[in-house]
Amino acid sequence: EPEVTQTPSHQVTQMGQEVILRCVPISNHLYFYWYRQILGQKVEFLVSFYNNEISEKSEIFDDQFSVERPDGSNFTLKIRSTKLEDSAMYFCASSAKLRVEYGYTFGSGTRLTVV
Amino acid sequence: GESVGLHLPTLSVQEGDNSIINCAYSNSASDYFIWYKQESGKGPQFIIDIRSNMDKRQGQRVTVLLNKTVKHLSLQIAATQPGDSAVYFCAETPDKLIFGTGTRLQVFP
């Protein structure tokens with residue numbers, strides 16, 4: 138069964154450093170998403186991406202965040218200057234169509250720890 | 606604003622019993638709902654979904670009930686097993702997912 142792959146599984150970084158979280162969506166999917174889950178809390182939507190541009194973003198997704206699809210397979214989330222409160226699990230997801238009901242797959246996540 | 610929440614943060618059940626996990630949503634425009642299971646260190650795993658034109662949907666050991674009048678969802682797990690122990694989230698959509706807070710299901714022998 139096709140999977141969404143995320144690397145690394147765990148990233149430790151110092152406050153103020155830039156981090157890039159990587160995702161390889163399912164190959165025929167067109168819509169890409171990043172979600173965040175702070176420990177013990179609910180999963181929160183960050184951003185959706187389609188046709189090489191952001192289609193929607195949440196209040197969390199401020200100027201410190203950016204997304205990119207640098208080639209035909211990777212989808213990245215960059216945090217320019219990490220803060221302690223950025224520590225969380227970050228999940229990538231992809232879907233074939235806009236509506237979730239037509240197939241929506243999550244990756245296993247990257248645990249980001251900011252020290 | 607939009608919100609999806611759960612009534613109980615932790616549910617403990619004995620193996621073999623049935624489990625019921627509840628969820629309230631507030632966005633009446635949502636027309637599709639999903640229950641996800643999340644095990645420790647893993648991403649959300651799809652369990653079952655339901656469209657707003659239905660009030661009940663059954664899977665292998667799971668049933669989702671939707672009450673649009675009171676904006677309430679429930680997940681019923683029959684004959685709960687130790688492998689069912691996880692955090693369960695409801696989510697509403699049609700495009701991006703809005704998740705509830707989550708309920709931890711603990712199954713004891």
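Sequence lines, in order, name chains Z and W.
Numbering of the first sequence is given in the working numbering, commencing with residue 138 and proceeding in unit increments.
Numbering of the second sequence is given in the working numbering, commencing with residue 606 and proceeding in unit increments.
Yeah, the Cβ is synthetic: ideal placement off N, Cα and C, and Gly gets one too.
Within-7 Å CB hit, residue i to chain W
i: valine 149/Z; result: no
i: lysine 179/Z; result: yes
i: leucine 235/Z; result: yes
i: leucine 240/Z; result: Looking at the sequence provided, one finds glycine at residue 240/Z rather than leucine. So, not an interface residue.
i: glycine 128/Z; result: Residue 128/Z falls outside the range modelled here, since chain Z spans only 138 to 252, and no answer is possible.
i: serine 185/Z; result: yes
i: phenylalanine 169/Z; result: no
i: phenylalanine 198/Z; result: no
Residue i versus residue j - alpha carbon distance
i: lysine 642/W; j: proline 145/Z; result: 22 Å
i: glutamine 148/Z; j: leucine 167/Z; result: 27 Å
i: serine 231/Z; j: phenylalanine 169/Z; result: 4 Å
i: arginine 703/W; j: alanine 233/Z; result: Checking the sequence shown, residue 703/W turns out to be isoleucine, not arginine. C-alpha separation (whole angstroms): 19 Å.
i: aspartate 622/W; j: leucine 158/Z; result: 41 Å
i: glutamate 205/Z; j: leucine 214/Z; result: 7 Å
i: leucine 678/W; j: glutamine 663/W; result: 13 Å
i: glutamate 138/Z; j: alanine 634/W; result: 32 Å
i: tyrosine 187/Z; j: phenylalanine 202/Z; result: 17 Å
i: leucine 183/Z; j: isoleucine 197/Z; result: 6 Å
i: threonine 219/Z; j: threonine 250/Z; result: 10 Å
i: threonine 615/W; j: leucine 710/W; result: 6 Å
i: phenylalanine 638/W; j: threonine 708/W; result: 16 Å
i: valine 618/W; j: glutamate 155/Z; result: 44 Å
i: tyrosine 630/W; j: glutamate 697/W; result: 8 Å
Residue-chain proximity (residue i, chain Z), Cβ-Cβ < 7 Å
i: aspartate 689/W; result: no
i: phenylalanine 638/W; result: no
i: aspartate 700/W; result: yes
i: lysine 647/W; result: yes
i: glycine 707/W; result: yes
i: histidine 612/W; result: Because the pLDDT at histidine 612/W is just 44, under 50, the model does not fix this residue reliably, and the value given afterwards should be weighed accordingly. Chain Z, which has no Cβ nearer than 7 Å to the Cβ of histidine 612/W, makes this no.
i: phenylalanine 713/W; result: no
Bridge-paired residues (DSSP) for residue i
i: alanine 691/W; result: Leu710/W
i: leucine 678/W; result: Cys628/W, Leu671/W
i: valine 141/Z; result: BP columns for valine 141/Z are empty, so no partner.
i: lysine 647/W; result: Partner(s): none; lysine 647/W has no beta bridge.
i: glutamine 619/W; result: Phe713/W
i: glutamate 697/W; result: Phe638/W, Ile703/W
i: isoleucine 655/W; result: Phe638/W
i: valine 149/Z; result: Thr250/Z
i: glutamine 663/W; result: Thr668/W
Partners in chain A for residue i, counting only beta-carbon separations shorter than 7 Å
i: aspartate 654/W; result: The structure shown contains no chain A; its protein chains are Z and W.
Checklist entry - Could you give the uninterrupted runs of the beta strand (DSSP E) lying entirely in the region 157–240 of chain Z, keeping only those of 3 residues or more? => result 168–174, 180–187, 190–194, 202–205, 212–216, 225–232
Next on the checklist: What are the residues in the region 213–238 of chain Z lying within 7 Å of chain W by C-beta distance?
Outcome noted: Of all residues in the region 213–238 of chain Z, only Phe228, Leu235, Arg236, Val237, Glu238 come within less than 7 Å of chain W when Cβ atoms are compared, listed by chain position.
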